[in-house]
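Engineer: Letter by letter, the sequence shown follows residues 11 to 335 in the working numbering.
Note that beta-carbon positions come from the ideal geometry of N, C-alpha and C, so glycine has one too.
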Amino acid sequence: MKVAIKGMGFYVPEEVVTNFDLEKILDTSDAWIVERTGIRERRRAKDTELTSDLAVNASKMAIKNAGIDPTDIDFIICATASPDYLFPSTGCIVGTKLGLGGVPAVDIAAGCTGFIYALSIAHGLLATGNLKNVLVVGAEELFKIVDPEDRSTYVLFGDGAGAAILGLSEDDSGILGWELRADGGYGELLMLPARGVALPLNQETIEKKLHYVKMKGNEIFKLAVRCMGDVSLSLLKKLGMNSSQLDWIVPHQANIRIIQALAKRLDVPMERVIVNVDKYGNTSAASIPIAICEAIEEGKIKKGDVVLLVAFGAGLTWGAMVLRI
Ligand code: COA
Numbered sequence: 011m012k013v014a015i016k017g018m019g020f021y022v023p024e025e026v027v028t029n030f031d032l033e034k035i036l037d038t039s040d041a042w043i044v045e046r047t048g049i050r051e052r053r054r055a056k057d058t059e060l061t062s063d064l065a066v067n068a069s070k071m072a073i074k075n076a077g078i079d080p081t082d083i084d085f086i087i088c089a090t091a092s093p094d095y096l097f098p099s100t101g102c103i104v105g106t107k108l109g110l111g112g113v114p115a116v117d118i119a120a121g122c123t124g125f126i127y128a129l130s131i132a133h134g135l136l137a138t139g140n141l142k143n144v145l146v147v148g149a150e151e152l153f154k155i156v157d158p159e160d161r162s163t164y165v166l167f168g169d170g171a172g173a174a175i176l177g178l179s180e181d182d183s184g185i186l187g188w189e190l191r192a193d194g195g196y197g198e199l200l201m202l203p204a205r206g207v208a209l210p211l212n213q214e215t216i217e218k219k220l221h222y223v224k225m226k227g228n229e230i231f232k233l234a235v236r237c238m239g240d241v242s243l244s245l246l247k248k249l250g251m252n253s254s255q256l257d258w259i260v261p262h263q264a265n266i267r268i269i270q271a272l273a274k275r276l277d278v279p280m281e282r283v284i285v286n287v288d289k290y291g292n293t294s295a296a297s298i299p300i301a302i303c304e305a306i307e308e309g310k311i312k313k314g315d316v317v318l319l320v321a322f323g324a325g326l327t328w329g330a331m332v333l334r335i
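(1) Between Glu214, Ser62, Thr81, which lies nearest to Ile175 when the distance is taken from Cα to Cα?
(2) Assuming Tyr127 and Ala120 are in contact, meaning their beta carbons sit under 8 Å apart, how far apart are those beta carbons, in whole angstroms?
(3) With distances taken between CB atoms, is the gap from Glu151 to Ser92 smaller than 9 Å?
(4) Can you list the alpha helix (DSSP H) stretches of 4 or more residues lying completely in the region 191 to 264, in chain order?
(5) Going along the chain, which unbroken runs of the alpha helix (DSSP H) with 4 or more residues stay wholly within the region 17 to 56?
(6) On the CB-based measure, 16 or more other CB atoms within 10 Å of its CB, does Phe125 come out buried or exposed?
(7) Does the count of Cβ pairs from the region 215 to 227 and the region 239 to 256 closer than 8 Å reach three?
(8) Can we count Phe231 as close to the ligand COA, meaning its CB is less than 8 Å from some heavy atom?
(9) Would DSSP call Gly101 helix, strand or coil?
(10) Quick one: give me the first and last residue of the alpha helix (DSSP H) that Val278 is part of.
(11) Check for me: the alpha helix (DSSP H) holding Asn75 runs from which residue to which?
(12) Would the region 324 to 334 count as touching the region 182 to 192 if we require 3 or more Cβ pairs under 8 Å?
(13) Is it buried or exposed for Ser254, if we count other Cβ within 10 angstroms and need 16 for buried?
(14) Would you decide whether Phe97 is buried or exposed? Buried here means 16 or more other CB atoms lie within 10 Å of its CB.
(15) Any heavy atom of the ligand COA closer than 8 Å to the Cβ of Phe322?
(16) Grouping DSSP H, G and I as helix and E and B as strand, with all else coil, what is Asp117?
(17) Can you give me the C-alpha to C-alpha distance between Gly170 and Tyr164, rounded to a whole angstrom?
(18) Leaving out the 5 sequence neighbours to the left and right, which residues in its chain are closer than 6 Å to Ala271 when beta-carbon positions are compared?
(19) Using the C-alpha atoms, what's the distance from Arg267 back to Gly177?
(20) From the DSSP output, in three-state form, read off Thr138 for me.
(21) Hey, quick one: how far does the alpha helix (DSSP H) through Asp288 stretch, first residue to last?
(22) For Pro210, count neighbouring Cβ atoms within 10 angstroms of its own Cβ and tell me buried if that reaches 16, exposed if not.
(23) What three-state label does DSSP hand Gly112 in the structure shown?
(24) Where does Asp193 land, buried or exposed, given buried means 16+ other C-beta within 10 angstroms?
(25) According to DSSP, which residues form a beta bridge with Met11?
(26) Measuring CB atoms only, is the region 40 to 55 touching the region 104 to 111, in the sense that at least three cross pairs come out at less than 8 Å?
(27) Taking the alpha-carbon of Lys16 as reference, which of Asn67, Asp79, Ala65, Ile269 has the nearest alpha-carbon?
(28) Pick helix, strand or coil for Asp315, following the three-state DSSP scheme.
(29) Give the secondary structure of Ile266 by DSSP, where H, G and I count as helix, E and B as strand, and everything else as coil.
(30) I want to see whether chain C comes within less than 9 Å of Lys74, judged by CB atoms only; does it?
(31) Going by beta carbon distance, what residues of the same chain come within less than 8 Å of Phe30, once the five residues before and after it are set aside?
(32) Can you tell me whether Gly325 is helix, strand or coil according to DSSP?
(33) Would you report the Cα separation of Lys142 and Ile83, rounded to the nearest angstrom?
(34) For the beta strand (DSSP E) holding Ala296, just list the boundary residues, first then last.
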């Protein structure tokens with residue numbers, strides 16, 4: 011029996027930060043950001059609003075759309091690169107905030123590929139037949155981990171959360187296949203150097219701003235284009251499919267130029283690619299679930315559509331999944 015998405019939800023904080031807002035605090039311009047990234051605005055969470063709070067809001071919507079009771083959830087997987095704490099996991103905090111003390115919960119740290127990793131793990135768990143409903147949530151507050159004085163990263167990221175309830179399929183909807191990859195050898199291209207045990211927070215690491223995201227944007231750009239294309243084509247081949255059989259591609263929303271290059275490589279017109287990077291920027295593990303859920307709400311993605319999800323991120327990690335909605 012297949013494993014399917016039974017309902018989805020998303021949540022973005024109220025505050026909109028436009029490129030024009032960023033022009034006032036950084037040596038940048040709306041024209042540069044739009045041309046190089048496609049981003050026009052992004053959302054920022056309040057200081058008092060935590061990653062787990064965004065996750066809970068998205069999860070409540072997914073639970074409602076799946077038509078289940080919160081107590082029907084028997085596993086929680088939270089994908090995040092900006093957890094509330096190193097531990098306890100944000101998954102555990104989300105469970106408690108949903109009133110689900112006792113339900114197993116875990117975080118997945120797979121950068122922007124986190125949601126696809128989490129879906130794949132949920133797929134495996136449900137296929138054992140021991141569980142009925144798994145909550146998968148991708149949630150990020152990247153504003154709190156990027157350097158407000160670094161124009162090369164600060165303009166790219168945003169805050170938000172997206173969630174899905176997965177369970178056994180009752181029709182022909184479901185996950186058709188997935189392929190995941192990782193290569194820690196490239197880890198230094200996109201990393202948060204301090205805060206862990208390798209470089210604990212101290213005056214020196216703070217002065218050197220090592221507690222903020224560091225990225226070699228150019229190299230990440232080239233690898234993202236190549237790896238997302240490779241893994242998508244490899245998965246389609248494994249499934250005996252070609253890209254003309256896809257109704258939609260939902261790529262990780264990092265940069266419009268990466269998305270356009272991917273669409274060209276897969277020979278899929280941009281009309282069949284979901285794009286919302288202009289509104290939310292790069293929300294890492296939250297970007298794919300926000301994009302799917304919003305596209306369903308807008309009536310673009312419909313029941314029965316075959317969708318390719320594909321992402322690339324810190325780790326480095328990358329992966330793709332094909333599913334029928
Ligand atoms: N505003 C204005 N100028 C900026 C800028 C900004 N916000 N950020 C960087 N620049 C400048 C650079 O300083 C550089 O100036 P220089 O030539 O005088 O040194 C110039 O723009 C070109 O920088 P470069 O990094 O080569 O630009 P780019 O075309 O590669 O675009 C990114 C930069 C970050 C937008 C692009 O590399 C990218 O999107 N990479 C992938 C990032 C990503 O998706 N990361 C997450 C992966 S999940």
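Structural biologist: Straight from the coordinates:
(1) Position 165 of the sequence shown holds residue 175. Ranking Glu214, Ser62, Thr81 by CA distance to the CA of Ile175 puts Thr81 first.
(2) Taking the sequence shown and counting its residues from 1, one reaches residue 127 at position 117. Taking the sequence shown and counting its residues from 1, one reaches residue 120 at position 110. Rounded, the Cβ-Cβ distance is 4 Å, consistent with contact.
(3) The residue given as residue 151 occupies position 141 in the sequence shown. The residue given as residue 92 occupies position 82 in the sequence shown. Going by C-beta atoms, Glu151 is nearer than 9 Å to Ser92.
(4) Fully enclosed alpha helix (DSSP H) runs of 4 or longer: 213 to 217, 227 to 248.
(5) List check, alpha helix (DSSP H) in window: 29 to 33, 40 to 47.
(6) Numbered from its first residue, the sequence shown carries residue 125 at position 115. Counting Cβ neighbours within 10 Å, Phe125 comes out buried, since at least 16 surround it.
(7) Counting Cβ pairs under 8 Å, fewer than three are found: no touch.
(8) The sequence position of residue 231 within the sequence shown is 221, counting from 1. Phe231 Cβ: within cutoff of the ligand COA.
(9) Counting from one through the sequence shown, the residue named residue 101 turns up at place 91. Gly101: helix per DSSP, three-state reduction.
(10) Counting from one through the sequence shown, the residue named residue 278 turns up at place 268. Looking at the DSSP string, Val278 is not in any alpha helix (DSSP H), and its letter there is neither H nor E.
(11) Numbered from its first residue, the sequence shown carries residue 75 at position 65. Looking at the DSSP string, the run of the alpha helix (DSSP H) that includes Asn75 is 61 to 76.
(12) The region 324 to 334 makes contact with the region 182 to 192, as at least three CB pairs between them are under 8 Å.
(13) For the purposes of this step, residue 254 is identified with residue 244 of the sequence shown, where counting begins at 1. Its Cβ having fewer than 16 others within 10 Å, Ser254 is exposed.
(14) As a position in the sequence shown, residue 97 is number 87, starting the count at 1. Exposed is the call here.
(15) Mapped onto the sequence shown, residue 322 falls at position 312. At a cut-off of 8 Å, the beta-carbon of Phe322 counts as near the ligand COA: some heavy atom of the ligand is closer than that.
(16) In the sequence shown, counting from the first residue as 1, residue 117 sits at position 107. Asp117: strand per DSSP, three-state reduction.
(17) Taking the sequence shown and counting its residues from 1, one reaches residue 170 at position 160. Taking the sequence shown and counting its residues from 1, one reaches residue 164 at position 154. Rounded to whole angstroms, Gly170 to Tyr164 spans 16 Å at the Cα level.
(18) On the sequence shown, residue 271 is found 261 positions in, with the first residue counted as 1. Excluding sequence neighbours, Ala271 sits near Val235.
(19) Within the sequence shown, numbered from 1, the residue matching residue 177 stands at position 167. Within the sequence shown, numbered from 1, the residue matching residue 267 stands at position 257. Roughly 35 Å between the two C-alpha positions.
(20) In the sequence shown, counting from the first residue as 1, residue 138 sits at position 128. In this structure, Thr138 counts as coil in the three-state DSSP scheme.
(21) Here residue 288 is taken as the residue at index 278 of the sequence shown, counted from 1. That run of the alpha helix (DSSP H) goes 287 to 290.
(22) Position 200 of the sequence shown, counted from the start, is the residue given in the question as residue 210. A residue is called buried when at least 16 other Cβ atoms come within 10 angstroms of its Cβ; Pro210 does not meet this threshold and is exposed.
(23) Within the sequence shown, residue 112 is the residue found at index 102, counting from 1. Reduced to three states, the DSSP call for Gly112 is coil.
(24) To locate residue 193, count along the sequence shown from 1; it is residue 183. With fewer than 16 other Cβ atoms from the protein chains shown falling within 10 Å of its own Cβ, Asp193 counts as exposed.
(25) As a position in the sequence shown, residue 11 is number 1, starting the count at 1. According to DSSP, Met11 bridges with nothing at all.
(26) Touching, no.
(27) For the purposes of this step, residue 16 is taken as the residue at position 6 of the sequence shown. Nearest of Asn67, Asp79, Ala65, Ile269 to Lys16, Cα basis: Asp79.
(28) Counting from 1 along the sequence shown, the entry for residue 315 is found at position 305. Asp315: coil per DSSP, three-state reduction.
(29) Locating residue 266 in the sequence shown gives position 256, counting from the first residue. Reduced to three states, the DSSP call for Ile266 is helix.
(30) Among the chains in the structure shown there is no chain C, since it carries only a single protein chain.
(31) For this step, residue 30 is matched to residue 20 along the sequence shown. When the five nearest sequence neighbours on each side are left out, the beta carbons in the same chain lying within less than 8 Å of the beta carbon of Phe30 are those of Asp40, in order along the chain.
(32) If you number the sequence shown from 1, residue 325 lands on position 315. In this structure, Gly325 counts as coil in the three-state DSSP scheme.
(33) Residue numbering aside, residue 142 sits at position 132 when the sequence shown is read from its first letter. Residue numbering aside, residue 83 sits at position 73 when the sequence shown is read from its first letter. If you take the alpha carbons of Lys142 and Ile83, they lie about 7 Å apart.
(34) Position 286 of the sequence shown, counting from 1, holds the residue named residue 296. In the DSSP assignment, Ala296 falls outside any beta strand (DSSP E), carrying neither H nor E.
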